[in-house]
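Enquirer: So the number in my numbering is just where the residue sits in the sequence shown, counting from 1, plus 1. We put the CB at the ideal spot given by N, CA and C, even for glycine.
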Amino acid sequence: MKTPKDTKLLRVLFSEDQIRRRVEDLARQISSDYADKGEVLLVGVLKGAFIFLADLCRRMTVPRRVDFIAVSSYGDRTVSSGNVRLVLDLRGDIRGRHVLVVEDIVDTGSTLAYLLDLLRLRGPASVRTCAFLRKEKGGPPVDYVGFEVADEWVVGYGLDYADDYRTLPHIAILQVNR
Ligand code: IMP
2 MKTPKDTKLL RVLFSEDQIR RRVEDLARQI SSDYADKGEV LLVGVLKGAF IFLADLCRRM
62 TVPRRVDFIA VSSYGDRTVS SGNVRLVLDL RGDIRGRHVL VVEDIVDTGS TLAYLLDLLR
122 LRGPASVRTC AFLRKEKGGP PVDYVGFEVA DEWVVGYGLD YADDYRTLPH IAILQVNR
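1. What is the rounded straight-line gap between the Cα of residue 99 and the Cα of residue 44?
2. Assuming residue 140 contacts residue 168 (C-beta within less than 8 Å), just tell me the rounded distance between them.
3. Would you kindly work out how many angstroms separate the C-alpha atoms of residue 55 and residue 20, rounded to a whole number?
4. Take the Cβ of residue 112 as the centre, count every other Cβ of all protein chains shown within 10 Å, and call the residue buried at 16 or more, exposed below.
5. Strictly by DSSP, which residues pair up with residue 160?
6. For a minimum of 4 consecutive residues, which ranges assigned as the alpha helix (DSSP H) are wholly contained in the segment 85-138?
7. How do the segment 49-66 and the segment 23-37 stand: do at least 3 beta-carbon pairs fall below 8 Å, yes or no?
8. To which residues of the same chain is residue 47 closer than 6 Å at the C-beta, ignoring the five residues directly before and after it?
9. Helix, strand or coil for residue 33? Go by DSSP, reduced to three states.
10. In this structure, does DSSP put residue 150 in helix, strand or coil?
11. Report yes if the C-beta of residue 103 is less than 7 Å from at least one heavy atom of the ligand IMP; otherwise report no.
12. Once you ignore the five residues that flank residue 160 on each side, which residues in its own chain have a CB closer than 8 Å to its CB?
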C-alpha cells in the first residue's frame with residue numbers, strides 16, 4: 002500500500018473487537034426502534050461508511066434494504082471545505098420509506114446537513130441518522146452514534162486520509178504533518 006510520506010499512525014483507538022461489539026449494540030438498538038415500521042432503507046454515505054454499513058446491516062434483524070450516495074467535501078485535506086457536492090445519487094426512490102443515513106464519522110456536520118436537506122425534499126416517511134464516530138465538537142444531533150472521538154484525524158474501518166488507510170481493520174489516530 003502506498004502511504005503518504007507526511008503521515009504516521011500514532012495509536013489504535015478502537016480494536017476490531019471493540020468495533021464488533023459496538024456495531025452489535027447499534028444493530029440491536031436500531032432493530033428494536035424500527036420493529037414496527039415495516040422496512041428500513043439504509044443509505045450508506047460513500048466511501049467511508051461502506052465497511053460499517055456492511056457490518057451493521059448484517060447484524061440487524063428487521064427487514065432492510067441498502068442504497069448508497071456519495072458526496073465530497075474534503076479532497077485530500079483534513080479540513081472540511083464546507084462545500085458539499087453530490088458525487089453519486091441513490092439508485093432508488095425514497096418516497097414513503099423509512100430512511101436511515103449511515104455515515105462513517107460526523108465532524109462539522111456539513112455533510113449530514115446537506116444530505117438531510119436533499120433527502121427530506123424527496124418525501125420519505127422518516128429520516129434518521131447513524132454515525133459510527135462523532136467528533137466531540139458539537140455538530141448536529143445524530144440519532145445513533147457508535148463512539149465519540151476527540152478532534153483528531155482517524156483512519157481505518159472505512160475512514161481514509163487521501164484515500165489511504167481505509168482497509169485497516171481497526172481505527173487508529175493519524176498524525177498529519179503539514
Ligand atoms: P463533516 O461534513 O465535516 O461532518 O465531515 C464528514 C465527512 O468528513 C465524513 O463522512 C468523512 O468522510 C470525513 N471525515 C471527517 N473527519 C474525518 C476523520 O477524522 N477521518 C476520516 N474522515 C473524516
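Expert: Walking through what the data contain:
1. Here residue 99 refers to the residue found at position 98 when the sequence shown is read from its first residue. Here residue 44 refers to the residue found at position 43 when the sequence shown is read from its first residue. Each residue's CA atom was taken as its position, placing residue 99 and residue 44 some 10 Å apart.
2. Here residue 140 refers to the residue found at position 139 of the sequence shown. Here residue 168 refers to the residue found at position 167 of the sequence shown. About 26 Å separates the two Cβ atoms, so there is no contact after all.
3. Position 54 of the sequence shown, counting from 1, holds the residue named residue 55. Position 19 of the sequence shown, counting from 1, holds the residue named residue 20. So the alpha carbons of these two residues sit roughly 13 Å apart.
4. Translated into the one-based positions of the sequence shown, residue 112 becomes position 111. So residue 112 ends up on the buried side.
5. Position 159 of the sequence shown holds residue 160. DSSP lists 157 as partners of residue 160.
6. Complete alpha helix (DSSP H) runs here, min 4: 111-121.
7. Yes, they touch.
8. Position 46 of the sequence shown, counted from the first residue, corresponds to residue 47. Here the set comprises 69 and 71.
9. Locating residue 33 in the sequence shown gives position 32, counting from the first residue. Helix at residue 33.
10. Within the sequence shown, the letter at position 149 stands for residue 150. DSSP places residue 150 in strand when its eight states are reduced to three.
11. Position 102 of the sequence shown holds residue 103. Answer for residue 103: no, Cβ out of range of the ligand IMP.
12. Walking along the sequence shown from the start, residue 160 turns up at place 159. Only 49, 105, 106, 134, 166, 167 and 172 meet the Cβ criterion.
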